[in-house]
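Since the structure comes first, as C-alpha cells, the remarks are kept for the end.
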C-alpha cells in the first residue's frame, strides 16, 4: 500500500546525505545532522550510503519539531513514510515551493492501494489540530503524485500561519498554547517559509508531517546533534 524505499532509485540520493529512509523516525524535538561527516572506513557498508560517507561542505543540521507521543517512534509493520527531497537533499524549505522547486520522484504515486482518501494531521507545538480528509485521486480519478501531496502539506502549514482555510480558522478560534515547552515554536517568532518538510508518517490512521528548522553554528545544540 505504501512506498518501500528499499526499491527507490539510488540516483535520487546524494552521497553527501544520510539515507533518506532513516530520517522520518529520527527523534522529534532533537537536533540531527543530515550530512555525512565521517570518511568511509574499509569494510563498512558503503553501498548503504550510495557513495562515500563524507563530502566537504557546510553541515546540514536541523532541529525537528516536537510532536505528540502518538505521532512519534517506529512505524507500524508494513507501513512507511513519504520522504521529500530535492536533488538528493532532504527536507525542502516550504518557501521553495513557491519558486517551483521539483521534488525527487515528483510524479511518483505514494498513496496507492484500496484507500480512496487520506487524512492529514498537522502536529505543531501548542495546538491540537484535527485531521483533515483529502482524496487520494484527482478529479479524473488518477492517483495523486508526490508533488500533489507536498502541495497539500505546504498549503496546510501556510494556512496555520496566515490564519486562512480550516486550519487558520482553528488557530483564530483556539490560539496557540504558549509555555516553556512551546515558546520556541511560537508562530509569531517563525517565518513559515523557513520550515522544512522532511516526510509524512503514518500514525493511528493519520498522515503526520515531520517538520524541522535549520540551525546554525551559533545555536548551542549545533555540536550536540545526533548522527544516528
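Numbering (this note's numbering), first residue to last: 22 to 249.
We put the beta carbon where it would ideally sit given N, CA and C, even for glycine.
Less than 8 Å separates the beta-carbon of residue 232 from that of residue 219.
Between residue 114 and residue 139, the C-beta spacing is not below 8 Å. Taking C-beta separations shorter than 8 Å and ignoring five residues to either side along the sequence, the partners of residue 49 in its chain run 85, 86, 87, 88, 92, 93, 231, following chain order.
Under the three-state reduction of DSSP output, residue 53 falls in the strand class. If you look at residue 84, you'll find it in the beta strand (DSSP E) that goes 82 to 85. Secondary structure in the stretch 151 to 223: the alpha helix (DSSP H) runs of 4 residues or longer, each lying completely within the stretch, are 167 to 183, 186 to 194 in chain order. Look at the beta carbons and you see the stretch 160 to 177 touching the stretch 106 to 125: at least three pairs across the two are nearer than 8 Å.
Judged by DSSP in its simplified three-state form, residue 246 adopts coil rather than helix or strand.
Between residue 41 and residue 107, the C-beta spacing is not below 8 Å. One thing to note: residue 185 has its Cβ no nearer than 8 Å to the Cβ of residue 127. Beta-bridge partners of residue 236 (DSSP): none assigned. Taking 3 residues as the shortest admissible run, the stretch 84 to 151 contains the following complete beta strand (DSSP E) segments, listed from N- to C-terminal end: 102 to 104, 138 to 141. Around the CB of residue 209, fewer than 16 other CB atoms lie within 10 Å, so the residue is classed as exposed.
Here residue 125 is buried: its Cβ has 16 or more other Cβ atoms, across all protein chains shown, within 10 Å. The beta carbon of residue 225 is closer than 7 Å to those of 91 in its chain, skipping five residues each way along the sequence. Exclusion of the five residues before and after residue 96 leaves 45, 46, 102, 222, 223, 224 as the residues of its chain whose Cβ lies within less than 8 Å of its Cβ.
Here the alpha carbon of residue 149 sits roughly 13 Å from the alpha carbon of residue 227.
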